[in-house]
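*Asks:* Once you've had a glance at the structure underneath, I'll fire off some questions.
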Amino acid sequence: QRLGPWTNQVRLKCQLRLDGSGKKRRKAATTANSVHVDVVGVDAGTLDDKTGEMVFKSYDEDTFSLTWANSIEWRQRSDGLRVTHKSYGTLRIALPWWFPLPDSMVKATVGSVTAYMLRDGQSK
């Protein structure tokens with residue numbers, strides 16, 4: 001993704017879990033299936049001007065961390081299929097004490113850039 005003069009990509013390392021397989025739920029008279037996709041790591045990539053290839057870097061969890069849990073559950077009901085999607089995430093970036101911008105500006109910028117990158121990645 002092009003962001004100003006830089007080309008960047010984010011590589012998410014994910015863990016996939018499948019649950020259900022039509023198991024009956026105790027509280028419901030319907031069967032449920034689900035899939036969970038958890039982000040367990042993230043690497044930031046920048047374009048190497050000499051080779052034209054993306055170079056990815058992992059960061060220490062004390063300076064940058066992203067956790068993100070997603071789940072989709074579906075169950076067949078007498079009135080049709082019910083699908084529920086849940087998503088929860090946190091992003092942590094440690095800035096040095098001397099960083100020249102106010103926290104509110106950094107938070108707004110990082111939030112909008114992250115949202116843009118995620119939307120763009122999902123559209124591909």
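Residues 1 to 124 in our numbering are what the sequence shown spells out, letter by letter. Using N, Cα and C, we set each Cβ at its ideal position, and we do this for glycine too. Given the structure is predicted, the values throughout are model-derived calculations rather than measurements.
Under three-state DSSP, which class holds residue 116?
*Replies:* On the sequence shown, position 116 is the one that residue 116 refers to. Helix at residue 116.
*Asks:* Nearest-angstrom Cα distance between residue 62 and residue 103?
*Replies:* Counted from its first residue, the sequence shown places residue 62 at position 62. Counted from its first residue, the sequence shown places residue 103 at position 103. Computed Cα separation, rounded: 18 Å.
*Asks:* Is residue 111 helix, strand or coil when you go by DSSP?
*Replies:* Along the sequence shown, read from residue 1 onward, the residue named residue 111 stands at position 111. If DSSP states are grouped into helix, strand and coil, residue 111 belongs with the helices.
*Asks:* Please state if the CB of residue 55 and the CB of residue 48 are separated by a distance shorter than 7 Å.
*Replies:* Here residue 48 refers to the residue found at position 48 of the sequence shown. Here residue 55 refers to the residue found at position 55 of the sequence shown. It is a contact, given that the beta carbons lie within the stated cut-off.
*Asks:* From what residue to what residue does the beta strand (DSSP E) around residue 52 run?
*Replies:* In the sequence shown, counting from the first residue as 1, residue 52 sits at position 52. First-last for residue 52: undefined, no H or E at that position.
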